[in-house]
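A.B. asks: In terms of our numbering, the sequence shown opens at residue 39 and continues consecutively.
Beta carbons: idealized from backbone N, C-alpha and C, even for Gly.
Quick one: the structure is below, and I'll ask about it shortly.
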Amino acid sequence: MDRKPGRPRALTVELIAQAALDDGISTFSMPSVARRLGVAHSGLYRYVTDRDDLLIQAIDRAADSAQWPDPDQHWEQVLREIGETVWHLCDTYPGIDRALQLVPRPVPGVSVLLERYVTSLSEQGFMVEDAAVGVEFAFTLTLDSSAQMARLAAMQAAYPDRKGIPALKGFDNDEVWAGRGFYSRKLDIFLTGLATRRLGVEA
């Protein structure tokens, strides 16, 4: 809802980022955020440099509001819970999946979080490179799966009986089209393989 004219509120980066989230992370514009806040469009540029900067601030704010897993847990539980947290973000902020895939610069708060999990896995017997791949996979698999399910939902709306939609063998079943699709299957396969790469530790 647009703010009524009156005395402009005191702006902060946090307030502007929240307004972008409220406006819709995939659809907000600088003018739409300014209207939501009841301020002049030009006033936003005292706090953020451009839309990309505001997008990063908004994603950071969304990530900061989430409940992230304790890095001291068993590595497999850490990776599974990272996925659950990212799914929650995707459900709460529609469009954040694609935004995170396309954002032009790293999101500082997210980078700090993921680095913590890389350290956790490396301390549990993984080479640091494998730990980084594991954390990155858990994070991006969720983003990709969320975006994919939105795409499939639009496709199924256009073709309710799914006839005429080419599919690889094994992908032409209801599991692919419902809920989270093959997300859990993909994650299980990856985690099974990753467990074999621990250095001198039983999986």
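1. Under a three-way DSSP split, which group does G81 fall into?
2. So L93 is in the alpha helix (DSSP H); what residue range does that whole segment cover?
3. What separation, rounded to the nearest whole angstrom, lies between the Cα atoms of A98 and T65?
4. Looking only at its chain, what residues have a beta carbon closer than 7 Å to the beta carbon of D135, apart from the 5 residues adjacent to it on each side?
5. On the three-pair Cβ rule with 8 Å, is the segment 142-157 touching the segment 209-221?
6. Just verifying my parser: in three-state terms, what is the DSSP assignment at A57?
7. Is the Cβ-Cβ distance between V71 and A48 less than 8 Å?
8. Examine the Cβ distances between the segment 103-111 and the segment 72-82 and report whether three or more of them are shorter than 8 Å.
9. Measuring alpha carbon to alpha carbon, tell me which residue in P198, D91, P204, G202 is nearest R30.
10. If we ignore side chains and look at the alpha-carbon of each, how far apart do V141 and P132 end up?
11. Who are the near neighbours of I170 in its chain, counting only those whose CB is closer than 6 Å to its CB and skipping five residues on each side?
12. For M165 and L237, which I take to be in contact (beta-carbon distance under 8 Å), what is that distance rounded to the nearest angstrom?
13. If I'm right that A55 touches A96 with Cβ under 8 Å, what's the distance once you round it to whole angstroms?
C.D. replies: From the atom records:
1. Reading the sequence shown from its first residue, position 43 is the one you call residue 81. In the structure shown, G81 sits in a helix (DSSP, three-state: H, G or I).
2. Position 55 of the sequence shown, counted from the start, is the residue given in the question as residue 93. Per DSSP, L93 belongs to the alpha helix (DSSP H) from 89-103.
3. Locating residue 98 in the sequence shown gives position 60, counting from the first residue. Locating residue 65 in the sequence shown gives position 27, counting from the first residue. Here residue 98 is Asp; the residue named in the question, Ala, does not match the sequence. In a straight line, the C-alpha of D98 is about 17 Å away from that of T65.
4. By 1-based counting over the sequence shown, the position of residue 135 is 97. Cβ neighbours of D135 within its own chain (closer than 7 Å, five residues either side excluded): C128, L181, S184, A185.
5. Counting C-beta pairs closer than 8 Å gives fewer than three between the segment 142-157 and the segment 209-221, which falls short of the contact rule.
6. If you number the sequence shown from 1, residue 57 lands on position 19. It is helical.
7. The count along the sequence shown starts at 1 and reaches residue 71 at position 33. The count along the sequence shown starts at 1 and reaches residue 48 at position 10. For V71 and A48, no; Cβs fall outside 8 Å.
8. No, because fewer than three Cβ pairs between the segment 103-111 and the segment 72-82 fall closer than 8 Å, the two stretches do not touch.
9. No statement about residue 30 is possible, as the shown extent of the chain runs from 39 to 241 and does not include it.
10. By one-based count along the sequence shown, residue 141 stands at place 103. By one-based count along the sequence shown, residue 132 stands at place 94. Within the model, the alpha-carbon separation for V141 versus P132 is close to 15 Å.
11. Position 132 of the sequence shown, counted from the first residue, corresponds to residue 170. In the sequence as displayed, the identity of residue 170 is Ala instead of Ile. Taking C-beta separations shorter than 6 Å and ignoring five residues to either side along the sequence, the partners of A170 in its chain run V156, following chain order.
12. The residue you call residue 165 lines up with position 127 of the sequence shown. The residue you call residue 237 lines up with position 199 of the sequence shown. Rounded, the Cβ-Cβ distance is 7 Å, consistent with contact.
13. As a first step, residue 55 must be located in the sequence shown, where it is residue number 17. As a first step, residue 96 must be located in the sequence shown, where it is residue number 58. The Cβ separation is near 5 Å, so the contact holds.
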